[in-house]
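To start, the structure under review is shown below, and the notes come after it.
Protein chains in written order, with the numbering used here: chain A, 3 to 544; chain B, 37 to 343.
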């Protein structure tokens, strides 16, 4: 971000005879000779940016995240160029926002597209290499006939570890991340009693962490083939080794106990000849499978098409109802003789000024079947299932959205009505048009022209009005015939949320969720493009 | 003519009473058909608009903090629910939300205004393409990509934990990613209405581009800065899906995530708490909104929607 130069420096420069302000190419002092306040501030800011950037680069190097590392390097180079060169003037103003836009919006949209063609999700969380490592670790079994060691459970920071005494009387200690190593500890009766750098846990503490202790595996050495030290009772430890073996050359997984051979499949699993597969898979490209699932697999396609229809119905009806009510009220209050118009307006926009999520939560309580205000007070205790009956739930969603949205429409309709020039209306009157004729042939078309872009935006907003749906009904009531947790008031975006599994109600399926996001992208983009082409808002660019 | 004159004079002299004069001369029937029914509609509409909020205030003051206990409006008035908020994480959430929404709003205004200035005042290669790209990006709400955002933050978090999951700074950065897309266009239009002659005059007087930006343009476009800042604050204040996905530990939650948890978990028992929390949460936004009402109305018609 560029900062102003102190006025005196600028004034001095303007007055300096050797610097006539040449037209077209403003000549300025080189920054090397211009140590004004603005330059110092810029220098400090850039130093901070560079320091942070180098920190990120080094951290990414350490974590071997080369994508992040190179992106950061590129950003630093660009930032330094832009702010220390005199050629990139416009970029000085665009770069800060552009960096965030590229990282968090453009990249994520592109990445959504990439994930949509993979099977990323539960069971396919990472690369093949990670999957192999995980399989080797998770399929461990005690090596038959191997000795047991009396074990001491120790702790360093929040890391648990094991300490044992080997045959030579040396104390060896390790944690999940640190393989066993010999340390200068004290052994009493063949049990490690003091380990430098570690705190020895007492019985009580071991009991409190029982699950962590039995799950802990301390690698015997850096080589995973050597197996790891485990315990089941926190007294005796044994060496466990994986009964799976990965054959790198043949790229197959062998089960040493049964002799079965698992080969990698296109779906990202190791599969044996008889069709059994190892549980952990990896991420692979599945082409259009996710889209085929969304449109073709009955488990998803049936709810998907219902939800698609309801999303359109919801968005269109929301715009229509809110606009009609808003317009009606705007007409009612568009009489200059009416007193208290300001008070009416202030009170009417109250629902709009309340954060949307609060309003949806508030209505979810008021519409509660048994205890809600609407049923208990207004309907005298009738247990109407406003949010639990499929049809009523849809009506309720629309009703609540009407309450939330009409003030906005009221405001824009009022603005549009007042912007209609009165001479046009007078001309219509002189030409002999009646009230109704004037309304239909003059006012209404003018009104629609000025509000159409806003109605399109409103449609696009409601098309993705996740907050309202999720806070009010959570998409419910559930489809009784669907195996996935989707419901009658779910719209596409809330379906994406359920399918992604990030709320914990279903298995994670990032691939399918991203594919559905892409579908929404396409729908919204098509509609907006068509609509905006008609309203020619692109003309503004020139 | 003479009567008109008199009314006008009366109007200037007696202020308010001038408006009353035409009504008085209407017959009651005519008054009803022309103005009275408008008041009727107005009252009905105001009841419709304001009643749920009245109910909310009443529920927050109810002694028994249950849903049923809230149905008799203002039957009891106690501040138990408000006091009980102190035993919960409500104030932490409140602080988190103000912090996140505040920083996001400031960042959005700064970055959006800078970009709008560049597009409005400089002519450079790629300007047209940039504007078109922004117009297209505007159509894609950021939250649609929440899965990718979640995955990106897992990756970033491995490298820099402050930018990763469960970090408020990480969430703010995500929100700032949406800053250019949503607001630059709105600001760009407004910047164009400031005459270029002003910059040119300043330039001739020796002002640098940065001085022109910070000391001249930004002051002239302050209404749109207020609108964009406010809209961004309100949108971030109520944003749910990304906040829910990113902020995992309860002490990092925002109000939207936290209050949703109260209502969805134990609707019946925590209703009073929710109502009290909702009243307090609505206050900052409501106050800003009413305070900046006239700017917002202008900003809305310039093409923005509530987020």
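Built from N, CA and C at the ideal position, the CB exists for glycine as well.
Cβ distance (whole Å) where residue i is taken to contact residue j below 8 Å
i: residue 110 (chain A); j: residue 513 (chain A); result: With 8 Å as the limit, residue 110 (chain A) and residue 513 (chain A) do not qualify as a contact, their Cβ atoms being about 15 Å apart.
i: residue 283 (chain A); j: residue 125 (chain A); result: 5 Å
i: residue 496 (chain A); j: residue 477 (chain A); result: 5 Å
i: residue 92 (chain A); j: residue 221 (chain B); result: Not really, about 17 Å apart at Cβ, beyond 8 Å.
i: residue 20 (chain B); j: residue 282 (chain B); result: Since the first residue shown for chain B is 37 and the last is 343, residue 20 (chain B) is missing from the structure and cannot be characterised.
i: residue 237 (chain A); j: residue 153 (chain A); result: 7 Å
Beta carbon proximity, residue i to chain A, threshold 8 Å
i: residue 147 (chain B); result: yes
i: residue 86 (chain B); result: yes
i: residue 307 (chain B); result: yes
i: residue 179 (chain B); result: yes
i: residue 232 (chain B); result: no
i: residue 331 (chain B); result: no
i: residue 68 (chain B); result: no
i: residue 82 (chain B); result: yes
i: residue 310 (chain B); result: yes
i: residue 175 (chain B); result: yes
i: residue 203 (chain B); result: no
Contacts around residue i, its chain only, beta-carbon distance under 6 Å, and the 5 residues preceding and following it disregarded
i: residue 293 (chain A); result: 517
i: residue 250 (chain A); result: none
i: residue 323 (chain A); result: 404
Neighbour flag for residue i against chain B, beta carbons, 8 Å
i: residue 554 (chain A); result: In the structure displayed, chain A extends from 3 to 544; residue 554 (chain A) sits before or after that span and is not available.
i: residue 100 (chain A); result: yes
i: residue 124 (chain A); result: no
i: residue 47 (chain A); result: no
i: residue 339 (chain A); result: yes
i: residue 278 (chain A); result: no
i: residue 466 (chain A); result: yes
i: residue 324 (chain A); result: no
i: residue 411 (chain A); result: no
i: residue 32 (chain A); result: Reliability of the predicted coordinates at residue 32 (chain A) is poor, the pLDDT of 49 falling under 50, and the value obtained from them is presented with this limitation in mind. So, not an interface residue.
i: residue 530 (chain A); result: yes
i: residue 508 (chain A); result: no
i: residue 348 (chain A); result: yes
i: residue 500 (chain A); result: no
i: residue 335 (chain A); result: yes
Beta-carbon contacts of residue i that lie in its chain and below 7 Å, excluding the five residues immediately before and after
i: residue 315 (chain B); result: 92, 93, 96
i: residue 216 (chain B); result: 147, 148, 151, 170
i: residue 120 (chain B); result: 309
Contact set for residue i: own chain, Cβ-Cβ below 8 Å, skip 5 residues either direction
i: residue 312 (chain A); result: 396, 490, 491, 492, 493
i: residue 445 (chain A); result: 419, 422, 427
i: residue 324 (chain B); result: 266, 269, 270
i: residue 361 (chain A); result: 353, 402, 405, 406
i: residue 139 (chain B); result: 208
i: residue 125 (chain B); result: 286, 287, 289, 294
i: residue 127 (chain B); result: 121
Per DSSP, the bridge partner or partners of residue i
i: residue 126 (chain A); result: A:123
i: residue 291 (chain A); result: Residue 291 (chain A) is not bridged to any residue.
i: residue 369 (chain A); result: Residue 369 (chain A) pairs with nothing; no bridge assigned.
i: residue 166 (chain A); result: A:174
i: residue 194 (chain A); result: A:189
i: residue 1 (chain A); result: This structure gives no information on residue 1 (chain A), because the portion of chain A shown stretches from 3 to 544.
i: residue 272 (chain A); result: A:266
i: residue 248 (chain A); result: A:255
i: residue 161 (chain A); result: A:158
i: residue 65 (chain A); result: Its beta-bridge partners do not exist; DSSP assigns none.
i: residue 152 (chain A); result: A:238
Quick one, which residues of the segment 91–114 of chain B are near chain A if we go by CB-CB under 7 Å, in chain order?
Only 91, 92, 103, 104, 107 from the segment 91–114 of chain B bring a Cβ to less than 7 Å from some Cβ of chain A.
Can you give me, in chain order, the residues of the segment 131–159 of chain A that have a beta carbon less than 7 Å from any beta carbon in chain B?
Result list empty, no residue passes.
Mind listing which residues of the segment 185–198 of chain B have their C-beta closer than 8 Å to chain A's C-betas, in chain order?
Residues of the segment 185–198 of chain B with a C-beta less than 8 Å from any C-beta of chain A: 185, 186, 187, 188, 191, 192, 194, 195, 196, listed in chain order.
For the segment 175–186 of chain A, list every residue whose C-beta sits within 8 Å of some C-beta in chain B, in sequence order.
Result list empty, no residue passes.
Pull out every residue of the segment 474–496 of chain A whose Cβ sits closer than 8 Å to any Cβ of chain B, in chain order.
Within the segment 474–496 of chain A, the residues whose Cβ lies closer than 8 Å to any Cβ of chain B are, in chain order, 476, 495.
Please name the residues in the segment 52–71 of chain A whose beta-carbon is closer than 7 Å to at least one beta-carbon of chain B, in chain order.
Of all residues in the segment 52–71 of chain A, those with a C-beta nearer than 7 Å to a C-beta of chain B are 58, 61, 62, 65, 67, 70, reading in chain order.
For the segment 274–295 of chain B, which residues have a CB atom closer than 7 Å to at least one CB atom of chain A, in sequence order?
Sequence-ordered contacts of the segment 274–295 of chain B with chain A read 274, 276, 277, 281, 292, 295 [C-beta pairs closer than 7 Å].
Just by C-beta distance, which residues in the segment 69–97 of chain A are closer than 7 Å to chain B?
Here the close residues are 70, 91, 92, 95, 96.
Which residues of the segment 107–121 of chain A have a Cβ closer than 9 Å to any Cβ of chain B? Give them in chain order.
Those residues of the segment 107–121 of chain A that come within reach of chain B (Cβ to Cβ, closer than 9 Å) are 107, 108, 109, 110, 111, 112, 113, 114, 115, 116, 117.
Taking only beta carbons into account, state which residues of the segment 124–154 of chain B come closer than 7 Å to chain A, listed in chain order.
Residues of the segment 124–154 of chain B with a C-beta atom less than 7 Å from some C-beta of chain A are 147, 148, 150, 151, 153, 154, listed in chain order.
What are the residues in the segment 370–390 of chain A lying within 9 Å of chain B by C-beta distance?
Those would be 370, 372, 373, 374, 375, 378, 379, in chain order.
Against chain A, which members of the segment 208–220 of chain B pass a CB distance test of less than 7 Å?
Near chain A, meaning a CB-to-CB distance below 7 Å, the residues of the segment 208–220 of chain B are 209, 210, 212, 213, 214, 215, 216, 217.
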